[in-house]
Amino acid sequence: MDRAGWINRLAVAIISSGGIMPFVAGCSEPMTEAMSAQVAEESNERKAEAADGAAPGKSVAPVAARNESAATTAAGPIARTAAKPVTETYSAKVPPVSLASEHAQLCKVNVGDAFPAIALPKVGGGEAKVADLAGKKATVVLFWAPDRWMAEGALVDLAIEAAAFGGKGAGFVGIVEGPANDKTDGLIKSAGTGLTQLADADGAALAQVGELALPRIYVLDSQGKVAWFDIEYSEATRRELRQTLAELTK
4 MDRAGWINRL AVAIISSGGI MPFVAGCSEP MTEAMSAQVA EESNERKAEA
54 ADGAAPGKSV APVAARNESA ATTAAGPIAR TAAKPVTETY SAKVPPVSLA
104 SEHAQLCKVN VGDAFPAIAL PKVGGGEAKV ADLAGKKATV VLFWAPDRWM
154 AEGALVDLAI EAAAFGGKGA GFVGIVEGPA NDKTDGLIKS AGTGLTQLAD
204 ADGAALAQVG ELALPRIYVL DSQGKVAWFD IEYSEATRRE LRQTLAELTK
């Protein structure tokens, strides 16, 4: 009988004798000696098995590894989809254009595409083509509307960047959406920009590059291709605009 069997038998004997004290009193010395001998024998057998396993040349049956998957299923790689799929990178130092899928659907012209040939009336009289206002190294085209909350900020930034990069080969032009009105003129004056502004009264020019999401801004390279752009002008747009111009006007 193994140790577990002796323990089970001992438990039964204690219960049947009415408790531990009556059981001990009723135990004969030979019986307790026999139990002790059995336990000692099993202990010696275990020690011998352990010694055999550690001896050189002895092979020990491998202990079965704990099967973690029995309790839990191993998780595979987390599937991730980019919230803003990155478009073609124009240059290592020109910021990549990243747009959410719903915003990308609002854009018809992408990085590397030739910018459309746009000719419009100038605010204040006359006509001009975007190509006529292009810089030798880069051209910035800002589409804006007076009712967009970032319009004035974008115009102010355009004037600042024109002062910084205009002498380095960059050209700048604004295209205002909708019919000209006092609010349009007021924003241009308050922004302090003397840059050429074209009037896209019917929205035909904007429709060639996309829709909605104003102000939107494009930077063209010396070949008239889109090097970088952004929509819904923001603080991040300002930083990336300057970074792009710094790279293209080297």
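If you want our numbering, it's the position in the sequence shown, counting the first as 1, plus 3.
The C-beta atom is built at its ideal place from N, Cα and C for all residues, glycine as well.
Q: Consult DSSP for serine 72 and reduce its assignment to one of helix, strand or coil.
A: Here serine 72 scores only 40 on pLDDT, less than 50, and its place in the model should not be relied on; the value that follows carries that caveat. Three-state DSSP puts serine 72 in a helix.
**Q.** Within the stretch 187-228, ranges of the alpha helix (DSSP H) (whole runs, at least 4 residues)
**A.** List check, alpha helix (DSSP H) in window: 207-212.
Q. Alanine 154 to glutamate 235, Cα distance in whole Å?
A. Taking the straight line from one Cα to the other gives about 10 angstroms.
Q) Given lysine 280, which residues of its chain have a CB within under 6 angstroms of its CB, disregarding the five upstream and five downstream residues? A) Nothing about residue 280 can be read from this structure; the chain reaches only from 4 to 253.
Q. Per DSSP, which one or two residues make a beta bridge with lysine 125?
A. Looking at the DSSP output, lysine 125 bridges to Leu201.
**Q.** Alpha-carbon to alpha-carbon, glutamate 238 and valine 212
**A.** For valine 212 and glutamate 238, the distance between alpha carbons rounds to 22 angstroms.
Q: Drop a sphere of 10 angstroms on the beta-carbon of tryptophan 152, count the other beta-carbons inside from all chains shown, and report buried for 16 or more, exposed for fewer.
A: Exposed.
Q. What residues match up with phenylalanine 146 in a beta bridge as DSSP calls it?
A. Looking at the DSSP output, phenylalanine 146 sits in a beta bridge with Ile178, Arg219.
(Q) When you compare the CB positions of proline 182 and alanine 208, do they come within less than 7 angstroms of one another, or not? (A) Cβ distance not < 7 angstroms, so proline 182 and alanine 208 don't count as in contact.
Q) Residues in its own chain within less than 8 angstroms of aspartate 188 by CB, not counting five upstream and five downstream? A) Excluding residues within five positions, the ones whose Cβ falls inside 8 angstroms are Val126.
Q: May I ask you to list the residues that DSSP assigns as paired with glutamate 130?
A: Within the DSSP bridge table, the entry for glutamate 130 names Pro124 as partners.
Q) Between which two residues does the alpha helix (DSSP H) containing threonine 240 stretch? A) 238-251 is the span of the alpha helix (DSSP H), which, as asked, contains threonine 240.
**Q.** Where the alpha helix (DSSP H) containing leucine 158 begins and where it ends
**A.** Segment 154-168, the alpha helix (DSSP H) holding leucine 158.
(Q) Looking only at its chain, what residues have a beta carbon closer than 8 angstroms to the beta carbon of lysine 87, apart from the 5 residues adjacent to it on each side? (A) In this prediction, lysine 87 scores a pLDDT of 39, lower than 50, which makes its location untrustworthy; the coordinate-derived value is nonetheless stated afterwards. Cβ within range, chain order: Ser101, Leu102, Ala103.
Q.
Given a cut-off of 7 angstroms on the beta-carbon distance, is the pair valine 114 and valine 229 in contact?
A. Yes, Cβ-Cβ distance for valine 114 and valine 229 is below 7 angstroms.
Q: Return the CA-CA distance between threonine 247 and glycine 128, expressed in angstroms with no decimal places.
A: Separation of threonine 247 and glycine 128 (C-alpha to C-alpha, rounded to the nearest whole angstrom) is 31 angstroms.
Q: Inspect the CB distances between the stretch 105-121 and the stretch 154-170 and report whether three or more fall short of 8 angstroms.
A: By the C-beta criterion, the stretch 105-121 is judged not to be in contact with the stretch 154-170, since fewer than 3 inter-stretch pairs fall below 8 angstroms.
(Q) Once DSSP output is grouped into helix, strand and coil, what is the label at proline 80? (A) Reliability fails at proline 80, whose pLDDT of 43 lies under 50, so the model's placement of it is uncertain and the value that follows must be treated cautiously. Here proline 80 sits in coil by DSSP.
Q) Under three-state DSSP, which class holds aspartate 116? A) Per DSSP, reduced to three states, the secondary structure at aspartate 116 is coil, with no helix or strand assignment.
Q.
Quick check on alanine 230: does DSSP put it in helix, strand or coil?
A. Strand.
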